[in-house]
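Visitor:
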Amino acid sequence: MKILKIDHLGVAVNSIDAGKNFWGDVLGLEFEGTETVSQQKVTTAFFPVSESEVELLESTAADGPVAKFIEKKGEGIHHVAFRVENLEQALEELKQKGVKLIDEKPRQGAGGAKIAFLHPKATHGILVELCER
Ligand code: CMX
496 MKILKIDHLG
506 VAVNSIDAGK
516 NFWGDVLGLE
526 FEGTETVSQQ
536 KVTTAFFPVS
546 ESEVELLEST
556 AADGPVAKFI
566 EKKGEGIHHV
576 AFRVENLEQA
586 LEELKQKGVK
596 LIDEKPRQGA
606 GGAKIAFLHP
616 KATHGILVEL
626 CER
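Just remember that this note's numbering sits 495 ahead of the position in the sequence shown, which is counted from 1.
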């Protein structure tokens, strides 16, 4: 498999509006707009930083995974996403290496990306996303 770069850092926030104040106004990052990924009960907001992005994640439902994450750990880094050349091939290779996956097959992420999550137990505690766009 080939990792091309850190695609984005996912940051769980209570409110994108409030988060925009720091990431946009204070740090001066460009705000690219929001997108809701209904299946994952989350609204995302992207702030490009050179070749990577900061992605704020706000839950759209009290029982959504991002709401549960904040309940347990508070606001903060939720996942690290690496862009790969070929997601199916990367998942196949990781499976063969015995890596525990959350997604064995790609699903749809924000911005039209194909994404898959690795299980935090296999990554020393961090939720890792692989994405291809
Ligand atoms: N950090 C660390 N551990 C996490 C975690 C996180 N952010 N999210 C989940 N886990 C842990 C859970 O505690 C659980 O651990 P145990 O097996 O020890 O209990 C394990 O990972 C599996 O989590 P789960 O909630 O039981 O599994 P699900 O398959 O229901 O959901 C996941 C997993 C990662 C898809 C979901 O929790 C999630 O975060 N969904 C939102 C995804 C998202 O951010 N989407 C935005 C768009 C994506 C993009 O384009 O970037």
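Think of the CB as a built atom: it goes at the ideal place given N, C-alpha and C, for glycine as much as any other residue.
1) Expressed to the nearest angstrom, what Euclidean distance is found between the alpha-carbon atoms of Pro587 and Phe526?
2) According to the neighbour-count rule (16 or more other Cβ atoms, all chains shown, within 10 Å of its Cβ), is His574 buried or exposed?
3) Could you give the uninterrupted runs of the beta strand (DSSP E) lying entirely in the stretch 516-574, keeping only those of 3 residues or more?
4) Let's test the definition: count the other Cβ atoms within 10 Å of the Cβ of Phe564 and tell me whether it reaches 16, buried, or not, exposed.
5) Can you tell which of Arg602, Glu627 and Leu551 has the C-alpha that lies nearest to the C-alpha of Ile572?
6) Can you give me the C-alpha to C-alpha distance between Glu566 and Val579, rounded to a whole angstrom?
7) Going by C-alpha to C-alpha distance, which of Ala608, Ile621, Ala605 and Gly607 sits closest to Leu596?
8) Do you know offhand how far Pro601's Cα is from Pro615's?
Guide: So, to answer that:
1) As a working note, residue 587 is residue 92 in the sequence shown. As a working note, residue 526 is residue 31 in the sequence shown. The identity of residue 587 in the sequence shown is Glu, whereas the question assumes Pro. If I take the Cα positions, the gap works out to 35 Å.
2) Position 79 of the sequence shown, counting from 1, holds the residue named residue 574. Of the other Cβ atoms in all chains shown, 16 or more fall within 10 Å of the Cβ of His574; this residue is therefore buried.
3) Every beta strand (DSSP E) of 3 residues or more that sits fully in the stretch 516-574 is shown, in chain order, as 529-532, 537-544 and 547-554.
4) Taking the sequence shown and counting its residues from 1, the one referred to as residue 564 is at position 69. Of the other Cβ atoms in all chains shown, 16 or more fall within 10 Å of the Cβ of Phe564; this residue is therefore buried.
5) Taking the sequence shown and counting its residues from 1, one reaches residue 572 at position 77. Closest in C-alpha terms to Ile572, from the list Arg602, Glu627 and Leu551, comes Leu551.
6) To locate residue 566, count along the sequence shown from 1; it is residue 71. To locate residue 579, count along the sequence shown from 1; it is residue 84. Computed Cα separation, rounded: 31 Å.
7) Stepping through the sequence shown from its first residue, residue 596 is reached at position 101. Looking at the Cα atoms, Ile621 is the closest of the given residues.
8) Residue 601 sits at position 106 when you count from the first residue of the sequence shown. Residue 615 sits at position 120 when you count from the first residue of the sequence shown. Straight-line Cα distance between these residues: approximately 17 Å.
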